[in-house]
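2 is the number of the first residue of the sequence shown in the numbering used here; add one for each residue after it.
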Amino acid sequence: MVGTPGIRWALAVAALGLVGTVGCVHTVPYAERVEAEDEKCTLVQALMRQPGPARAIQEFVAEGKEAKAPVVVYMRHPEEASLERFFTGDTQCADASFKVVQENVVDAVVVYLQAVQGGYAYDAQRSSPEHLSMDSRPQGTVRRDGAVWVAGADAI
Numbered sequence: 002m003v004g005t006p007g008i009r010w011a012l013a014v015a016a017l018g019l020v021g022t023v024g025c026v027h028t029v030p031y032a033e034r035v036e037a038e039d040e041k042c043t044l045v046q047a048l049m050r051q052p053g054p055a056r057a058i059q060e061f062v063a064e065g066k067e068a069k070a071p072v073v074v075y076m077r078h079p080e081e082a083s084l085e086r087f088f089t090g091d092t093q094c095a096d097a098s099f100k101v102v103q104e105n106v107v108d109a110v111v112v113y114l115q116a117v118q119g120g121y122a123y124d125a126q127r128s129s130p131e132h133l134s135m136d137s138r139p140q141g142t143v144r145r146d147g148a149v150w151v152a153g154a155d156a157i
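Set out below in structure tokens:
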């Protein structure tokens, strides 16, 4: 064991510095996380303008339960038979007719996304946390065209 308190202290500081540096390497800077969440919101806003999701939102709002339909977004990973929340933290993603929520709600528009070449396949439906599904068929696709998301031309 190292004998002097000064050397032990220096080694402890060096070890903490190394741990801190390694830890920082694995975290995404705040600005990058915000930008990624903003990109996700842009995608979801484009999706909500597509016929299937727009119809689900209109039906929800027409019932008069809430002024904005709660929307929960999941990524499907069929190869792993799993669902993952699309947004990593609390999000302010919304527009005049919907708001993305992270908490489980009794009734919401649930959007399922699945990565496909160049974009995402999507399916949006009224559902609740007890009725999440890996089985429904995609309603369409969206692809990036410059700074905007556009409906894909693929046959589903």
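All residues carry an ideal CB built from backbone N, CA and C; glycine is no exception.
Small disclaimer: the values here were computed from a predicted structure and weren't measured.
Note to self: Just list the residues that DSSP pairs ARG77 with in beta bridges.
What the structure shows: For the purposes of this step, residue 77 is taken as residue 76 along the sequence shown, with counting starting at 1. Answer by DSSP bridge pairing, in chain order: LEU84.
Checklist line | Start-end ranges of the beta strand (DSSP E) lying completely within the segment 104-148, minimum 3 residues | finding: Taking only runs of at least 3 residues, the beta strand (DSSP E) segments lying wholly in the segment 104-148 are 109-117, 120-128, 141-146.
Note to self: Can you list, in chain order, the residues of its chain with a C-beta nearer than 6 Å to that of TYR121? Leave out the 5 residues immediately preceding and following it.
What the structure shows: In the sequence shown, residue 121 corresponds to position 120, counting from 1. If you ignore the 5 residues before and after TYR121, its C-beta comes within less than 6 Å of the C-beta of LEU114, VAL143, all in its own chain and listed in chain order.
Margin query: Restricting to Cα atoms, I'd like to know which of PHE99, HIS78, GLU36 is closest to GLY65.
Written below: For the purposes of this step, residue 65 is taken as residue 64 along the sequence shown, with counting starting at 1. When each option's Cα is compared against that of GLY65, the closest is PHE99.
Item checked: Continuous beta strand (DSSP E) stretch holding VAL219: start and end -> Nothing in the structure corresponds to residue 219, since the chain is present only between 2 and 157.
Margin query: Suppose you measure from the CA of ALA95 to the CA of ILE8; what does that come to, to the nearest Å?
Written below: Within the sequence shown, the letter at position 94 stands for residue 95. Within the sequence shown, the letter at position 7 stands for residue 8. Each residue's alpha carbon lies about 56 Å from the other.
Margin query: By the three-class DSSP mapping on this structure, what secondary structure does LYS66 have?
Written below: The residue you call residue 66 lines up with position 65 of the sequence shown. In this structure, LYS66 counts as coil in the three-state DSSP scheme.
Checklist line | Which residues DSSP lists as bridging LYS100, in chain order | finding: Residue mapping note: residue 100 aligns to position 99 of the sequence shown, counting from 1. In the DSSP output, where bridge partners are listed per residue, LYS100 has PRO71, ALA95.
Next item on the list: Under 8 Å Cβ to Cβ from ALA47, same chain only, skipping five residues before and after it: list those, please.
Entry: Position 46 of the sequence shown, counted from the start, is the residue given in the question as residue 47. Excluding positions up to five away in sequence, the list reads VAL143, VAL149, TRP150, VAL151.
Next item on the list: Note down, in chain order, each residue of its chain lying with its Cβ closer than 7 Å to the Cβ of ALA32, except the 5 sequence neighbours on either side.
Entry: In the sequence shown, residue 32 corresponds to position 31, counting from 1. So no residue of the chain qualifies.
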